[in-house]
Amino acid sequence: MGLETKPLSTLHEHSSYDVTDFAVPTGREEEWRFTPLRRLRDLHKGAAADGKVIVDVSAAPEVTVETVGRDDERVGKAYVPADRVSAQAYASFAHATVVTVRKEIVATEPTVLTLRGEGGGVAYGHTTVILEPFAQATVVLEHTGSAAYADNVEFVVGDGAALTVFSLQNWASDAVHLSHQHAKLGRDARFKSFTVSLGGDVVRIAPSVAYDAPGGDAELYGVYFADGGQHLEHRLLVDHTQPNCRSRVDYRGALQDEDAHAVWIGDVIIRAEAEGTDTYELNRNLVLTDGTRVDSVPNLEILTGEVAGAGHASASGRLDDQHLFYLQARGIPYDTARRMVVRGFLGQLVDKIDVPELKERVLAAIDEEIDR
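What follows is the structure, encoded as structure tokens:
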């Protein structure tokens, strides 16, 4: 398949299934300038697959999960790779996981896909989640183990359907993970995603949303905690191509110890035909120690004057000494006060997780990060 261009946008100029349509990144490109290429274990150069990522499935009784070949007609239809690693992942995966929720079916429990890296080698993957019209479901993607892993994930949300997705990065400390996670929304479809990035050496997650008809609603939330030497990068794209659609983005992160690095890029495009768009994106970072680095870049590209609302905000700052003093003055020890402040900052998003067991696991993992 050849090159596909997007002439109306200067943020994202082209996409293609063909790896050769993308040059090997040098780090000078806008989309790669924050990513430590030397630590990607040649994923950006087309490294051969010599590792394994095993997919374990716990599906709701109403949901069908299949392992299919590359030639399955449901794979690769909703998303076209937008960079070289994404195209390499599409060209290299051997089998795909397809999750299907039939028309008007409401899943009674989450469907959990646990992707576990074994042996630490290079691996590629593909996942497609399909909700037929008026279906409802929750899907959890949990990443564990050790690997250098690149994959593409497609979410196809039919007319009137509602999908909630949790993407958890609980990798081992040496893992590298580059992932594009794309949602395509039908008429009046609802999509909600939670990205939680805690583990791994280099993690770069790129969620994106495209609207296929009017009335779509997308909410993208993220929580991350970067420790010393860790690189956590989230690059979002919400492409408003249809009228009267809504999007909300809210990502929050904390950083501690030398060379902890967090990157957040938020791109929102409102095209000329997308009148009545209502969008807002927000990123906040809490710096807990010296020696960390935060790069936060919100972008709005608006090509019509007929919008219901459009805005963005970004803020990064240190732990407030006054907050700690207030708590300590009331007899709360320093370590407990520090945990309370960080938990309160990140917990405003964690509280939106409506799966109790998952919510408690995320809070416990954040406490472990703070205690380090």
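Remember, our numbering sits 749 above the position in the sequence shown when you count from 1.
By construction, the Cβ of each residue, glycine as well, lies at the ideal position given by its N, Cα and C atoms.
Which full runs of the alpha helix (DSSP H) of 4+ residues lie inside the segment 824-877, going along the chain? 833-841
Is there contact between the segment 1021-1039 and the segment 987-998, where contact requires at least three CB pairs shorter than 8 Å? yes
Opening and closing residue of the alpha helix (DSSP H) in which Ile1119 lies: 1105-1120
Taking 8 Å as the threshold, find out whether the segment 877-886 comes into contact with the segment 851-859 through three or more Cβ pairs. yes
Which residues does DSSP pair with Phe771 in a beta bridge? Note: Phe771 sits in no beta bridge, so no partner.
Using alpha carbons as the reference points, say which of Asp1070, Ala836, Thr913 lies closest to Asp1103. Thr913
Taking just the CA atoms, how far does Leu986 sit from Ile1019? 11 Å
Helix, strand or coil: which one does DSSP assign to Leu792? helix
Who does Glu815 pair with in a DSSP beta bridge? Val847
Do His929 and Ser841 count as a contact pair if the criterion is CB distance below 9 Å? no
When you compare only the Cα positions, how much space is there between Gly751 and Val824? Here the model assigns Gly751 a pLDDT of 44, short of 50, so the residue's position is not dependable and the matter cannot be decided.
Taking the continuous alpha helix (DSSP H) assigned at Asp1070, which residues delimit it? 1070-1077
Helix, strand or coil for Lys755 per DSSP? For Lys755, the pLDDT reaches just 43, beneath the cut-off of 50, and the residue's location in the model is therefore unreliable, although a value from the coordinates is still provided. In this structure, Lys755 counts as coil in the three-state DSSP scheme.
Residue from Asp923, Val972, Asp937 whose Cα sits closest to the Cα of Ser946: Val972
Look up Gln885 in the DSSP assignment and say whether it is helix, strand or coil. strand
Would you mind stating whether Trp920 and Gly874 have Cβ atoms separated by less than 9 Å? no
So, Gln1005 versus Leu1037, is the Cβ gap smaller than 9 Å? yes
Express the C-alpha separation of Arg1033 and Tyr1130 in angstroms, rounding to a whole number. Any question about residue 1130 goes unanswered here, given that the chain covers just 750 to 1121.
Count Cβ pairs between the segment 778-791 and the segment 949-958 that sit closer than 8 Å; are there 3 or more? yes
Determine the extent of the beta strand (DSSP E) in which Gln918 is found, giving its start and end residues. 911-918
For Thr754, which residues of its own chain have a beta-carbon under 6 Å away from its beta-carbon, when the five flanking residues on both sides are left out? For Thr754, the pLDDT reaches just 41, beneath the cut-off of 50, and the residue's location in the model is therefore unreliable, leaving the point undetermined.
Alpha-carbon to alpha-carbon, Glu1055 and Thr876: 36 Å
Hey, would you say Lys893 sits closer than 9 Å to Thr863, going by beta carbons? Reading off the sequence, residue 893 comes out as Thr, not Lys. Taking 9 Å as the Cβ cut-off, Thr893 and Thr863 qualify as a contacting pair.
For Ser916, is the classification buried or exposed, using 16 other Cβ atoms within 10 angstroms of its Cβ as the cut-off for buried? buried
Closest to Ser807 by CA distance: which of Gly800, Val1090, Glu815 is it? Glu815
With burial defined as no fewer than 16 other Cβ atoms inside 10 Å of the residue's Cβ, what is the status of Glu1007: buried or exposed? exposed
Are the beta-carbon atoms belonging to Ala932 and Ala911 less than 9 Å from one another? no
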